[in-house]
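Notes for the one structure printed next.
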C-alpha cells in the first residue's frame, strides 16, 4: 500500500511548522494509521465471532441448549348427541259444528194487476185489486207470494234531511286535495314572460341584503286554488337578510292565475317558483 503523501511526517512537519502540535489536526494525522489498524482488528473479530459462535455453542453447549419442536395434536371431532326430550302432547282438535243455512224470510208480495180492455163475448180471468193499505206495506211483483209483512220505519218531517244543505250529521265537506302534476298546469295570465316581467317590476332588493352582499335563489312554493287565487305561500330555500320576506310579499300580492285542471274541472295545484336575487 502506497503511503499517502499528505500523511507523511515530513509533510505534516512542514505544514504545522510554528503551529500547535499538541492536539488537533496534527495529532489526528499522526495517529491515523494506528486508528485504521485498530478498526480493522475489531471488525474482523466481530465478523469471526458471528460465524464461529454457533459452532462453538453446538460443540460445547449441545446438552444445555436443545430446541424442542412443538407437536400439535388434532383431536377427533366431538359429537354432541341430541337429548331425548319428551314429546309434547298434541293440541286437542276443535270440533267444527256445522251451521245450518239461514232460511230466507219470505216477504209478502202482491201481484201487479193492470186493466185490460177485452170484447164482451171473450172470457177472461178476473183478479181482485188488493187493498191500498196492504199495498203500502208489501212488495209489488209478478206473482202473489204469501209471507211476512216487513216493518217499515216511519220518518217524520223533522228527521228527514233537507235537500241542498248536506248530510244529516251536519259535517262539513272535506277540502279538495292538492295536486302536484295535473293535465293542465296552472299558468300566470300572459304566460311565463308576463310572470317574469311582473316579478322584475314588483321585486325590491332589501337594503340589508345589499349591504351584506347577499345573492342567490329563493325557492317559494304556493298553491293555486280552484279559483286561481294564490294561497299557502311558503319558503322552501331562503337566503335571509330580508330576501325571504320580500319574495313572500310579492308572491302573495300576485293576481289570480289560470287554475289547473284535472279531468276537465278546476283543482288546487301546488306550484314551486325560484326567484333569483342578483346585485347589479
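In full-length UniProt numbering, the protein residues as written are 1 to 280. Just so it is clear, CB atoms sit at the ideal spot from N, CA and C, and this is done for glycine as well.
Report the option in 236, 244, 227 and 228 whose CA atom is closest to the CA atom of residue 206.
When only C-alpha atoms are compared, the closest one is 244.
Should the segment 221-240 be regarded as contacting the segment 267-274, the criterion being three or more beta carbon pairs within less than 8 Å?
The segment 221-240 vs the segment 267-274: in contact.
What are the residues that DSSP puts in a beta bridge with residue 262?
DSSP, once it has assigned bridges, lists 265 as partnering residue 262.
By the 10 Å Cβ neighbour count, where 16 or more other Cβ atoms means buried, how is residue 266 classified, buried or exposed?
The residue in question, residue 266, is buried, as its Cβ has 16 or more Cβ neighbours within 10 Å.
Residues in its own chain within less than 6 Å of residue 236 by CB, not counting five upstream and five downstream?
Here the set comprises 219 and 221.
For residue 236, which three-state DSSP category applies?
Strand.
Since residue 268 and residue 225 are thought to touch, with beta carbons under 8 Å apart, how far apart are those beta carbons, to the nearest angstrom?
Right, the Cβ-Cβ distance comes to about 5 Å (below 8 Å), so this counts as a contact.
Which residues in the same chain as residue 189 place their Cβ atom closer than 8 Å to its Cβ, once the five residues preceding and following it in sequence are excluded?
Closer than 8 Å at the Cβ level, and outside the excluded window around residue 189, lie 255, 256, 257 and 258.
Quick check on residue 247: buried or exposed, where buried means 16 or more other Cβ atoms within 10 Å of its Cβ?
Buried: at least 16 other Cβ atoms inside 10 Å.
What did DSSP end up calling residue 256 once you bin it into helix, strand or coil?
Coil at residue 256, not helix or strand.
Can you tell me whether residue 239 is buried or exposed? The criterion is at least 16 other CB atoms within 10 Å of its CB, across all chains shown.
Per the 10 Å Cβ criterion, buried.
Tell me whether residue 271 sits in a helix, a strand or coil according to DSSP, three-state version.
DSSP places residue 271 in strand when its eight states are reduced to three.
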